[in-house]
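Structure first, then comments.
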Amino acid sequence: MGGSEEKQEPPREEVPRISSGTPYLDQILAGGWLRGGTYIVTGPPGTGKTTLGNQFCFSVAERGDRALYVTLLAETHARMMLHLRSLRFFRPDFVGERVFYLSGTSVLKDKGPHGLLELLTRTVREKHIKVLVLDGFTLVRERSASPLELREFLQGLSVLCGLTDCTTLLLSTETNKAMDVEYAMADGILALSAELLGLKAIRGLEILKFRGSDNIPGRHTFLINERGVSIYPRWEAVYRKTPEVIPDSSVRLRFGVPSLDAMCQGGVVSFSSTLLLGSPGSGKTLLGLHYLAEGARNGEPGLYFGFAESGETLMRKTKSVGLDLEPSMKRGLIRLESRAPVETLPDAMVQELMDMVSQHHYRRVFIDGLEPFAKDAIDPERTTRFLSALLNALRDKHITPVITEQTNTLFGPDLHSPIKGAEAIFDNLIFLRFVELNGRLRRLLSVLKMRDSDNDPFLREFVISSKGLQVQAAYAALQGMLTGLPTHRQHSAYESAGPPEPPQPSRAPPTGPRTTQKAPKLLQALKRRSRKPGGRQ
924 MGGSEEKQEP
934 PREEVPRISS
944 GTPYLDQILA
954 GGWLRGGTYI
964 VTGPPGTGKT
974 TLGNQFCFSV
984 AERGDRALYV
994 TLLAETHARM
1004 MLHLRSLRFF
1014 RPDFVGERVF
1024 YLSGTSVLKD
1034 KGPHGLLELL
1044 TRTVREKHIK
1054 VLVLDGFTLV
1064 RERSASPLEL
1074 REFLQGLSVL
1084 CGLTDCTTLL
1094 LSTETNKAMD
1104 VEYAMADGIL
1114 ALSAELLGLK
1124 AIRGLEILKF
1134 RGSDNIPGRH
1144 TFLINERGVS
1154 IYPRWEAVYR
1164 KTPEVIPDSS
1174 VRLRFGVPSL
1184 DAMCQGGVVS
1194 FSSTLLLGSP
1204 GSGKTLLGLH
1214 YLAEGARNGE
1224 PGLYFGFAES
1234 GETLMRKTKS
1244 VGLDLEPSMK
1254 RGLIRLESRA
1264 PVETLPDAMV
1274 QELMDMVSQH
1284 HYRRVFIDGL
1294 EPFAKDAIDP
1304 ERTTRFLSAL
1314 LNALRDKHIT
1324 PVITEQTNTL
1334 FGPDLHSPIK
1344 GAEAIFDNLI
1354 FLRFVELNGR
1364 LRRLLSVLKM
1374 RDSDNDPFLR
1384 EFVISSKGLQ
1394 VQAAYAALQG
1404 MLTGLPTHRQ
1414 HSAYESAGPP
1424 EPPQPSRAPP
1434 TGPRTTQKAP
1444 KLLQALKRRS
1454 RKPGGRQ
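Under our numbering, think of the first position of the sequence shown as 924, with each following residue one higher.
Below, the structure written as structure tokens:
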């Protein structure tokens, strides 16, 4: 009597879902369509509405339920079947057994929306339909004598869906009608679009409304190919959490180039991210493949994911420097995956990469080419968020990635990242470039930064030959090496630096004081821009 007990609300009962049958659309919809709901899919002609609707029907048929596809358009069913035969989801044996096609054109013309509703009600009940797709809903709106008649049609359809547990998609070409009757009464609205980015066609999807459920807002890209419609949510919207795995400086992952590993105090910190930034031909790809080969020697499976060269070309290239990948590939410790860098969608590539990582549990991933991932993003403002989400996702998979990026030019003093802000997101930055000395081109390598670790501050020659990869003595007698325009300066005992000492076998990080040295302007600028993945200082 001295107090009152708080009543706990019973847990909310989850509304049953039905899968859309479209890759990753269920993820955007937080689990799929709500059973018994009525949804409008709108967009101009050619954006994929018909393909999306048929894909939904056949996915339901695969699970043993029945679907009804009603068309109000001029296209005949025979013509539609001809178009669908090229798609993998199409099953001709399901037509007439689990997927039914019906024309409502004459009924709508003769009896109006009320007559069409009677036809739908009778067919749904008789055939025990669980999915209804009405293609050409715009014509129902045009045939309605008043907004009241259209409202009555939608209300009757909603009652039918609720009683029969039937989920309905209304395909419409109407756009920008957010205040109209049908938009107010529908349970959800998906808007499809198609636009040109230069000469490249980009298809997009946006959830304008989804009653009774969470969803991933904003615009998402999708493809239409032999698999049908494949929708890819924006990666930074999918992976928004702070990574739970943190870099471990007591464990180092080596490149397999002793002198470079010495410059990195025994290798890169585990679970950190490394960017190899350099001119074309400076050795980025070979260095990344060396990183995978070293992991294979230690029993750590690795993945190459690149865009410029085929697997056969890569194997010939590594053999020319004394590195044979074939034994490790046969043992399943190295996998080479190459993609053509044309007409790519960044979100689709990341999803493919993460699916491979989840399936095969790689520990080292080498992405040879950052540009197809980030430079082709639809919105350039997405770039840093997109890359941060990618690196965070790889880290949470216990992966230590190495990624390459080309500088904007081959020679000259003005070499920088073509993707603004990319170098600041990575934990480690290794810079490779060409420099001319005494009429001869030489490769230069420097470790510009290593987060959570000391590193060798000197600029050293990077030699690629049939004997392998070597990092040699520093050019202590020259200045301006990072600009590509070196000049002689007075010799200093402090600046004399021979080849770096081989890394110690211990995996613990060094405990001595960090060496400091006045850095060139480019190095200072890059360090000032450095920050944690995800934007943390």
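Quick reminder that beta carbons are idealized off the backbone N, C-alpha and C, glycines included.
Rounded C-alpha distance that separates residue i from residue j
i               : j                 : result
leucine 1131    : glycine 1111      : 7 Å
serine 1389     : glutamine 950     : 49 Å
glycine 1151    : serine 1311       : 30 Å
tyrosine 1227   : leucine 1317      : 14 Å
cysteine 1089   : arginine 1305     : 39 Å
alanine 1114    : lysine 1343       : 31 Å
serine 942      : methionine 1272   : 23 Å
aspartate 1103  : serine 1116       : 20 Å
valine 1265     : alanine 1397      : 40 Å
methionine 1543 : asparagine 1138   : What the structure shows of the chain is the stretch from 924 to 1460, and residue 1543 is not part of that stretch, so it cannot be assessed.
glycine 954     : valine 1288       : 30 Å
isoleucine 1326 : glycine 1211      : 8 Å
arginine 921    : leucine 1005      : Outside the displayed range of the chain (924 to 1460) lies residue 921, so it cannot be described from this structure.
leucine 1392    : valine 1386       : 6 Å
glycine 1118    : isoleucine 1125   : Note that residue 1118 is glutamate in the sequence shown, not glycine. Approximately 5 Å between the Cα atoms of the pair.
tryptophan 956  : glycine 1135      : 10 Å
threonine 1144  : leucine 1367      : 40 Å
serine 1095     : phenylalanine 979 : 16 Å
glutamate 1260  : glycine 1229      : 6 Å
serine 1195     : leucine 948       : 32 Å
leucine 1352    : serine 1369       : 9 Å
Neighbourhood of residue i by C-beta, 7 Å cutoff - its chain only, sequence neighbours within 5 removed
i               : result
glutamate 1072  : Pro1036
methionine 1277 : Ala1316
valine 1047     : Leu991, Leu1055, Leu1083, Thr1087, Cys1089
alanine 1160    : Ile1139, Gly1141
threonine 1307  : Gly1344, Ile1348
Residue nearest to residue i in terms of C-alpha spacing, selected from the options
i                 : options                            : result
arginine 1002     : Phe1012, Thr973, Ser982, Arg1011   : Thr973
proline 1170      : Lys1320, Val1265, Ser1026, Ile1125 : Lys1320
arginine 1021     : Arg1048, Arg986, Val993, Arg1045   : Arg986
glycine 1234      : Gly1038, Arg1048, Phe1017, Arg1262 : Arg1262
phenylalanine 981 : Lys1053, Thr1028, Arg1045, Glu1328 : Lys1053
aspartate 1291    : Ser1153, Gly1206, Val1161          : Gly1206
serine 1069       : Ser1081, Glu1105, Leu1043          : Glu1105
proline 1269      : Leu1039, Val1244, Phe1309          : Phe1309
glycine 960       : Gln1188, Gln1078, Pro1140          : Gln1078
proline 946       : Leu1209, Leu1246, Ser1153          : Ser1153
alanine 1297      : Asp1379, Gly1245, Ala984, Ile1348  : Ile1348
proline 1380      : Ala1185, Pro1156, Phe1076          : Ala1185
leucine 975       : Thr1091, Gly1189, Val1370          : Thr1091
glutamate 1223    : Ile1322, Glu1065, Arg1383, Ser1009 : Ile1322
leucine 1313      : Val1244, Ser1026, Tyr1162          : Tyr1162
First and last residue of the uninterrupted alpha helix (DSSP H) at residue i
i              : result
lysine 1132    : Here lysine 1132 belongs to no alpha helix (DSSP H); instead the beta strand (DSSP E) covers 1123-1133.
glutamate 1159 : 1158-1161
serine 1195    : Note, serine 1195: premise wrong, no alpha helix (DSSP H); not H, not E.
arginine 1305  : First-last for arginine 1305: undefined, no H or E at that position.
valine 1168    : Element bounds for valine 1168: n/a, residue is neither H nor E.
threonine 994  : Unbroken run through threonine 994 is the beta strand (DSSP E), 990-994; no alpha helix (DSSP H).
Burial state of residue i, where buried means 16 or more other Cβ atoms lie within 10 Å
i               : result
glutamate 937   : exposed
arginine 1286   : buried
serine 927      : Model confidence at serine 927 stands at a pLDDT of 44, short of 50, so the residue's coordinates are unreliable; what they give is reported in the following sentence. By the 10 Å Cβ count, serine 927 comes out exposed.
asparagine 1221 : exposed
proline 1166    : buried
alanine 1345    : buried
proline 1067    : First, the residue type needs correcting, since residue 1067 is serine and not proline in the sequence shown. It is buried - the Cβ of serine 1067 has at least 16 other Cβ atoms within 10 Å.
leucine 1364    : exposed
leucine 1120    : exposed
threonine 1236  : exposed
arginine 1045   : exposed
arginine 1175   : buried
Beta-carbon contacts of residue i that lie in its chain and below 6 Å, excluding the five residues immediately before and after
i               : result
histidine 1000  : Tyr1024
proline 902     : Because the chain is modelled from 924 through 1460, residue 902 falls outside the range shown and cannot be assessed.
isoleucine 1257 : Leu1215, Ala1219, Gly1225, Leu1248, Ser1251
aspartate 909   : Because the chain in this structure spans residues 924 to 1460, residue 909 falls outside the shown range and cannot be described.
leucine 879     : What the structure shows of the chain is the stretch from 924 to 1460, and residue 879 is not part of that stretch, so it cannot be assessed.
glutamate 1129  : Ala1114, Arg1142
glutamate 1384  : Arg1365, Gln1395
First through last residue of the beta strand (DSSP E) which encompasses residue i
i              : result
serine 982     : Where serine 982 is concerned, there is no enclosing beta strand (DSSP E), although the alpha helix (DSSP H) it sits in stretches over 972-985.
proline 1324   : 1323-1329
threonine 1144 : 1142-1148
glutamate 1232 : Careful: glutamate 1232 lies outside any beta strand (DSSP E) and carries neither H nor E.
glutamine 1467 : Shown here, the chain extends from 924 to 1460; a query on residue 1467 therefore has no answer.
8 Å Cβ shell around residue i - same chain, five flanking residues per side excluded
i           : result
lysine 1050 : Arg989, Leu991, Phe1023
heavy atom of the ligand MN below 7 Å from residue i C-beta
i              : result
glutamine 1282 : Of the ligands one can find in the structure shown there are none, so the ligand MN has no counterpart to examine.
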